[in-house]
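Notes to accompany the following structure.
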Amino acid sequence: MPIAYDVGAIVALSLAVCLFHLGSFGLWEPDEARYAEIAREMLQSGNRLVPHLNYVAYIEKPPLLYWLTTLSFWIFGVSEFAARLPVALSAIAGILATYFFALRAFGRRHAILAAAILATIPLYALMAQVLTTDMMLTALVTIATFSLYLHWDEGGRWCWIAYVAMGLAVMTKGPVGAAIPILSMLLWLAFNRELGGAIAKFRAIPGLLLTILIAAPWFVAMTIREPGFFDFYFVGEHLRRVFQTNYSHSEAFYFYLPVLAVGLLPWSLLVPFLTWRDPPRNPARSFCMFAAGVTVVAFSCASAKLIPYILPSVPPLAVLIADGLVSCAWPRADSRAAIAPPDSRILIESGPMLALLGAGVIVAAIAAPQFRTPYVMAARPAMYAIGAILVAGGAVTASMFVARRNPAGLGAIVVTLAFALIAGGWARLETEPMRSYAVLSRVIAEQAPDAAIICYRRYVQSLPFYNRRRVVLVGGRTELDFGSRLDPDAREWFLNSDEQMFRRWDQPGRVAVVIVLDASDLARMTERLGDFDVIAIEGKKRAIIRRERISRREPITLN
62 MPIAYDVGAI
72 VALSLAVCLF
82 HLGSFGLWEP
92 DEARYAEIAR
102 EMLQSGNRLV
112 PHLNYVAYIE
122 KPPLLYWLTT
132 LSFWIFGVSE
142 FAARLPVALS
152 AIAGILATYF
162 FALRAFGRRH
172 AILAAAILAT
182 IPLYALMAQV
192 LTTDMMLTAL
202 VTIATFSLYL
212 HWDEGGRWCW
222 IAYVAMGLAV
232 MTKGPVGAAI
242 PILSMLLWLA
252 FNRELGGAIA
262 KFRAIPGLLL
272 TILIAAPWFV
282 AMTIREPGFF
292 DFYFVGEHLR
302 RVFQTNYSHS
312 EAFYFYLPVL
322 AVGLLPWSLL
332 VPFLTWRDPP
342 RNPARSFCMF
352 AAGVTVVAFS
362 CASAKLIPYI
372 LPSVPPLAVL
382 IADGLVSCAW
392 PRADSRAAIA
402 PPDSRILIES
412 GPMLALLGAG
422 VIVAAIAAPQ
432 FRTPYVMAAR
442 PAMYAIGAIL
452 VAGGAVTASM
462 FVARRNPAGL
472 GAIVVTLAFA
482 LIAGGWARLE
492 TEPMRSYAVL
502 SRVIAEQAPD
512 AAIICYRRYV
522 QSLPFYNRRR
532 VVLVGGRTEL
542 DFGSRLDPDA
552 REWFLNSDEQ
562 MFRRWDQPGR
572 VAVVIVLDAS
582 DLARMTERLG
592 DFDVIAIEGK
602 KRAIIRRERI
612 SRREPITLN
């Protein structure tokens, strides 16, 4: 019963954090709209093998996320909620995997706290509601990594769970899905001088064959079917991304250290105070250090860096933080440090830390007009709410620890952070116009449902998803370049010059044409475009249509 109760409470917390407002805001550019459109086209075409974006082959990622999103669309209909649901469920799976690992490797207190910490880490909770491959990769890597340790510790069938999870992780984001768990275990075994006999102990040969059996068929089929796939995917998307500094998203080597410090707030504030007071020896502790360290070092060494890449390090870090908190809150009875629990350097001070963090958020909201970025001003009301929740929660937390009610104090931290994260959901609603063209796209679908849509210079990912049809692109093809080279109709859908666009615009006929372009480009080309109506305005983008092809109306301005 205690385990069932714990799991129920963890699932409830996870659902509250991961599903709140999940479908209330439009798909963000570029990743969310891109991946949702790929899944929508899979559902529409029935082609599950080759992912397509704007109806041309798009092979930058393996298809597992697309398949699951397609299934979600089939069950729930095409919507933002259905698009994000597989990612949110992946996050919950990662939280449960962390709970069961900590339960078997440490104990019930560690398990409950580790799962609660992971669910309330802002970086993890935020990415649980963002449609990218990173959260699904993180969940599968977490399952694989922790299962490898449990196989080392307990034997049994844990290794088979690890090999299946690695195969699915490869199908989510490529070889990195198997590399992280394997490298973490190998380095940890080498550190403990236990490499000898590891192949037999972990049934590595049949296990890796199982991983290959799960992942290889799609890659082989794509290599045979799509000319240039091997060079584009394996050489370009992996070797060049890792070793070429100018390939994409280049950042400094230490990039992920501040990312983790901020992304794990406020838990990261407690880390310098954690004492691990005379804890019993547990090899799972050092294993989590290796698992987190391998991810941080590996992605720090890679030239291409993005914030979500570091997510697989977060679950083992949550276990380590939980271990330190348990050591402070419940020191061993035979420990010399047990004479004055709780440890005032961490537990009692956690309340004031929360309150100070909340006060900082309120001060930032007050000073919002001074920030260069518009996001702070847009999120201002939500920031006031977050700050108030943290201040109030900090006061409750401090009172619990002063009264030596350690479980209640730790619970107060978790509840405070859960409410703060839920309040943060409103910030995403307020900032949607700065990160999404969903409303612009919906307006086009409503006012010009049969129009041909042209994107000028920059491909707007939301347009095909919300309009349920292909769009014409003028100028650089960027991520659509590979697929466009294989498309027999490329001349019709990819225009290379303004003149080609003007010919399409001026073409007589019954089919209306909508052009989506920046305000600066519209000002430059106004005279050449002739009579037109602006039917929607969002940020820098304008959607225009020939005046005689639609009844004149006021443009909809989206704030």
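In case it helps, my numbering puts the sequence shown at residues 62 to 620.
C-beta: ideal position from N, C-alpha, C; glycine also.
In whole angstroms, give me the CA-to-CA distance for residue i and residue j.
i	j	result
Trp554	Glu560	14 Å
Ile605	Asp579	11 Å
Met232	His113	16 Å
Ala144	Val237	24 Å
Phe348	Met246	8 Å
Arg529	Arg519	19 Å
Thr272	Trp328	35 Å
Lys262	Thr206	16 Å
Leu274	Phe252	31 Å
Ala398	Pro392	The pLDDT assigned to Ala398 is 49, lower than 50, so where the model puts this residue is not dependable; a value taken from the coordinates is nonetheless given after this. Their backbone Cα atoms lie some 7 Å apart in a straight line.
Thr284	Pro278	10 Å
Ile450	Glu287	53 Å
Ala180	Val521	33 Å
Pro123	Val281	12 Å
Phe593	Arg607	4 Å
Ile243	Pro333	30 Å
Tyr317	Phe563	46 Å
Arg538	Arg342	56 Å
Ala94	Leu501	13 Å
Does DSSP classify residue i as helix, strand or coil?
i	result
Val521	coil
His113	strand
Asp92	helix
Ile598	strand
Ala359	helix
Asp195	helix
Val574	strand
Arg607	strand
Ile153	helix
Val225	helix
Val535	strand
Phe555	strand
Ala592	The residue asked about is misnamed: residue 592 is Asp in this sequence, not Ala. If DSSP states are grouped into helix, strand and coil, Asp592 belongs with coil.
Ala429	helix
Ala513	strand
Ala464	coil
Ala118	strand
Ala440	coil
Ala189	coil
Take residue i as the anchor and find which of the options has the nearest alpha-carbon.
i	options	result
Met414	Pro468, Leu326 and Ser140	Leu326
Arg525	Ala144, Arg101, Ala439 and Arg518	A small correction: the amino acid at residue 525 is Pro; Arg does not occupy that position in the sequence shown. When each option's Cα is compared against that of Pro525, the closest is Arg101.
Ala240	Asp292, Leu330, Leu198 and Leu256	Leu198
Glu141	Leu192, Phe432, Asp542 and Arg165	Leu192
Tyr294	Leu590, Tyr119 and Asp550	Tyr119
Gly448	Trp128, Arg546, Phe480 and Phe316	Phe480
Ala149	Gly537, Val78 and Leu386	Val78
Gly289	Leu590, Asp594 and Leu547	Leu547
Tyr370	Ser497, Val422, Arg346 and Thr356	Thr356
Phe167	Asn557, Ser361, Leu386 and Gly544	Leu386
Leu335	Asp92, Ala456 and Ser388	Ser388
Glu493	Thr477, Ile368, Pro435 and Ala390	Pro435
Leu378	Trp213, Pro344 and Ile182	Ile182
Met444	Ser133, Ala390, Ala484 and Gly138	Ala484
Ile598	Arg254, Trp566 and Ile576	Ile576
Pro147	Thr131, Leu187 and Leu482	Thr131
Leu418	Leu331, Ala390 and Leu501	Leu331
Skipping 5 residues on each side, what residues in its chain have a beta carbon closer than 7 Å to that of residue i?
i	result
Ala429	Val437, Met438 and Arg441
Asp395	At Asp395 the pLDDT is 49, less than 50, meaning the model places this residue with poor confidence; the figure from the coordinates comes in the next sentence. Hits under 7 Å: none found.
Verify the CB distance criterion: does residue i have a CB-CB separation below 7 Å to chain B?
i	result
Ile243	Here chain B cannot be found, since the structure has a single protein chain.
Residues in its own chain within less than 6 Å of residue i by CB, not counting five upstream and five downstream?
i	result
Ala383	His171, Leu174, Ala175 and Ile178
Ala276	Gly228, Val231 and Met232
Ala163	His171, Ala172, Ala175 and Val380
Phe351	Ser245, Leu248 and Trp249
Ile204	Ala158 and Ala226
Among the residues of its own chain, which have a CB less than 8 Å from the CB of residue i, if the five just before and after it don't count?
i	result
Phe462	Pro403, Leu408, Ile409, Ser411, Gly412 and Gly470
Ala90	Correcting the residue identity first, residue 90 is Glu in this sequence and not Ala. Correct list, in chain order: Arg496, Ser497, Tyr498, Val521, Gln522 and Ser523.
Arg565	Ala513, Ile515, Val533, Leu556 and Val574
Glu215	Arg165
Subject >> Contact between the region 80-92 and the region 488-499 (3+ Cβ pairs under 8 Å) >> reply: yes
**OP:** State whether the region 490-510 contacts the region 104-119, with contact taken as three or more CB pairs (one from each stretch) at a distance under 8 Å.
**Re:** no
**OP:** Inspect the CB distances between the region 64-71 and the region 461-473 and report whether three or more fall short of 8 Å.
**Re:** no
Subject >> Three CB pairs or more closer than 8 Å across the region 216-232 and the region 259-273 >> reply: yes
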